[in-house]
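Q: Residue numbers for the sequence shown follow UniProt numbering, beginning at 1 and rising by one. We put the CB at the ideal spot given by N, CA and C, even for glycine. Here the structure is a predicted model, which is why all the values come from computation and not from measurement. One structure, as structure tokens, below. Some questions next.
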Amino acid sequence: MSLPLHVRLVEVGPRDGLQNEAQPISVADKVQLVDALSAAGLSYIEVGSFVSPKWVPQMAGSAEVFAQIQRKAGVTYGALAPNLRGFEDALAAGVKEVAVFAAASEAFSQRNINCSINESLERFAPIMAAAKQHGISVRGYVSCVLGCPYEGEIAPEQVAMVARELYAMGCYEVSLGDTIGTGTAGATRRLFEVVGAQVPREKLAGHFHDTYGQAVANIYASLLEGITVFDSSIAGLGGCPYAKGASGNVATEDVVYLLNGLGIETGIDLEALIRAGQQISNVLGRPTGSRVAKAGNAS
């Protein structure tokens, strides 16, 4: 299969990237990050999460962040809203698109959200109904698609079942997440072959963690399977508290570098992106997780 001419990146750094940080991050710093990402040309930014601050303290100020960002025309500012209360809070904050998540692993689902896969999908019914009523788009996530910290390897057919259910209930796009980063290029191609037989490939996205250094290779493998949407995180921020040893998402800078090298259009200014990554890394007091940014600093 030939490579696509254009790829859309979903920037998850402000939400998925920052949600597990132990140190407090101010609303002002989050707003500055989102605005810098908008200025760099990202067309989709997941700004925050409307969940109980008891479970995710770092996301407690999401409504304030939404109120203060400089919204740019043509940019989607999304948020995670895993239950009806979260959806209602997101709606009140002026969010136009929300995301819900399920797991492809029963054990992970139980440990993460204390219910089975089927129960988690049933919980989304009122969210989907409310979203339809208010004209809000819903994006779906499936975690542990290429491996689970508790079950090990996950069958692609199991992933396909969950993705199919999310798509059938109204998610316009379903992002398949390699939560613990164990996936390889061959397994990635097989995954999209199986899932793509049940959900149109143009409705699928890839979400890769770089624990084993395979994320960029997996994205290239996905491109060969006709996938044109990928989640990424500025400076490689993020990780999964339920997946021991899982490093952050693939760095947005590294993905843009790959795509630029393949002649694939993203509409993103790599230099501006690198500056945004360095800025948030300085706030966190540690080096960027982007290999591209590190290489540029060393040259």
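1. Let's see if you can read the secondary structure: which residues bound the beta strand (DSSP E) around Asp231?
2. How big is the Cα-Cα spacing for Gly236 and Leu176?
3. Tell me whether Ser175 sits in a helix, a strand or coil according to DSSP, three-state version.
4. Measuring straight from C-alpha to C-alpha, what distance separates Ala22 and Lys54?
5. State the Cα-Cα distance for the pair Ala215 and Asn114, rounded to the nearest angstrom.
6. Going by Cα to Cα distance, which pick from Ser281, Gly13, Ser2, Tyr150 is closest to Val250?
7. Can you look up Ser281 in the DSSP assignment and give me helix, strand or coil?
8. Mapping DSSP to helix, strand and coil, what is Gly186?
9. Taking Gly61 as the reference, give the member of Asp254, Lys72, Val27, Asn83 with the closest Cα.
10. Rounded to whole angstroms, how far is the Cβ of Val7 from the Cβ of Ile264, which I believe are closer than 8 Å?
11. I believe Val34 touches Ile69 by the beta-carbon criterion, under 8 Å. Please report the beta-carbon distance rounded to the nearest angstrom.
12. Secondary structure at Gly263, three-state DSSP: helix, strand or coil?
A: Looking at the atomic coordinates:
1. Start at 1 with the first residue of the sequence shown, and residue 231 comes out as number 231. Where Asp231 is concerned, the enclosing beta strand (DSSP E) stretches over 229-232.
2. By one-based count along the sequence shown, residue 236 stands at place 236. By one-based count along the sequence shown, residue 176 stands at place 176. Computed Cα separation, rounded: 18 Å.
3. The sequence position of residue 175 within the sequence shown is 175, counting from 1. Looking at Ser175 - three-state DSSP - the assignment turns out to be strand.
4. Translated into the one-based positions of the sequence shown, residue 22 becomes position 22. Translated into the one-based positions of the sequence shown, residue 54 becomes position 54. About 14 Å.
5. The count along the sequence shown starts at 1 and reaches residue 215 at position 215. The count along the sequence shown starts at 1 and reaches residue 114 at position 114. For Ala215 and Asn114, the distance between alpha carbons rounds to 29 Å.
6. The residue labelled residue 250 in the question sits at position 250 within the sequence shown. The candidate whose alpha carbon is nearest that of Val250 is Gly13.
7. Locating residue 281 in the sequence shown gives position 281, where the first residue counts as 1. Helix, per DSSP.
8. Residue mapping note: residue 186 aligns to position 186 of the sequence shown, counting from 1. Three-state result, Gly186: helix.
9. Reading the sequence shown from its first residue, position 61 is the one you call residue 61. Comparing Cα-Cα distances from Gly61 to each of Asp254, Lys72, Val27, Asn83, the minimum goes to Val27.
10. Here residue 7 corresponds to residue number 7 of the sequence shown, with the count starting at 1. Here residue 264 corresponds to residue number 264 of the sequence shown, with the count starting at 1. Going by Cβ atoms, the distance from Val7 to Ile264 rounds to 5 Å, so yes, they are a contact pair.
11. Start at 1 with the first residue of the sequence shown, and residue 34 comes out as number 34. Start at 1 with the first residue of the sequence shown, and residue 69 comes out as number 69. Indeed they touch by this definition, with Cβ atoms about 5 Å apart.
12. Mapped onto the sequence shown, residue 263 falls at position 263. In this structure, Gly263 counts as coil in the three-state DSSP scheme.
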